[in-house]
Amino acid sequence: MGYCRPAAKPAQEPQRHLPAQEPQRHLPAQEPPRHLNPNEEVIFPEARRAVAAIGSGNVHGLVVFKQANPSAPVIVDVDLQGLSPGYHGFHVHQFGDIRDGCKSAAGHFNPFKVTHGAPHDPVHQRHVGDLGNILADDYGRVRVLLEDKLLSLYDPQGHNEPSRNIAGEYLLEDKLLSLYDPQGHNEPSRNIAGRSVVIHAGVDDLGQGVGGAREGSLKTGNAGSRVACAPIVLANPATTA
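The sequence shown begins at 1 in full-length UniProt numbering and counts up by one.
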């Protein structure tokens, strides 16, 4: 009678030691989702607004600037009446001083010291204040929303103290007040609060003028005289203007 050897068992893999698992973390209970009213405007905690109330001659209305946070683009809400039909140069100018027929506002806001251009041009080819043209309809009305990624309602990031700059806010001698931005920031300020909006009689050529028009094109866009202006002032965050 033959002898049958039991079949050899397959070699087992060496036991693997799994890494110890982290203890389960218990997440805090989440708040139920908030259902927003479609007509409700959401104001972010850091959101800022600024307003220019135009009231020069026959031209009147509001230009409202809105920025959700320092990294967000600025939304420019333009609602004006009384302009002549057609295109008008539309800019932020250096100063909020609008005396002498808007001439005291000086030139376009240009902290980077570059030539005039179009709103869609790179930062080194346009003024911060270059917002192009707005179009008035046959009744002289302008109603438009613009978006600009170069404008700001905030001071530069990286400064080492809170701003005491009162430009753009309603004011006595005080050693704590300041008309300057904080020291220590690493870029020119693009903050337009305390500056001015100026609307011109003619079309801005967006820096594309040629021949004899070239010099003026690179400075002002050859947009003509100033027909309306207003200082840009910071708005109360609680308002909806």
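C-beta: ideal position from N, C-alpha, C; glycine also.
All of these numbers come straight from a predicted model, not from anything done at the bench.
Item, Value
"Coil, strand or helix - R214 by DSSP", "helix"
"Buried/exposed call for V233, threshold 16 Cβ in 10 Å", "buried"
"Cβ-Cβ distance between S84 and G140 below 8 Å", "yes"
"Beta-carbon gap between P231 and G96 smaller than 8 Å", "yes"
"Reduced DSSP secondary structure (H/G/I, E/B, other) of Q125", "helix"
"C-alpha gap between K149 and H91, whole angstroms", "15 Å"
"Helix, strand or coil at S225 [DSSP, three-state]", "coil"
"Boundaries of the beta strand (DSSP E) in which N133 is found, first to last residue", "D130 to A136"
"Alpha-carbon spacing of L206 relative to G55, whole angstroms", "26 Å"
"Cβ-Cβ distance between V128 and R226 below 8 Å", "no"
"Neighbourhood of S130 by C-beta distance below 7 Å, restricted to the same chain and skipping five residues each side", "In the sequence on display, residue 130 carries Asp and not Ser. Closer than 7 Å at Cβ, skipping near neighbours: H91, H108, H116, G117, A118 and P119."
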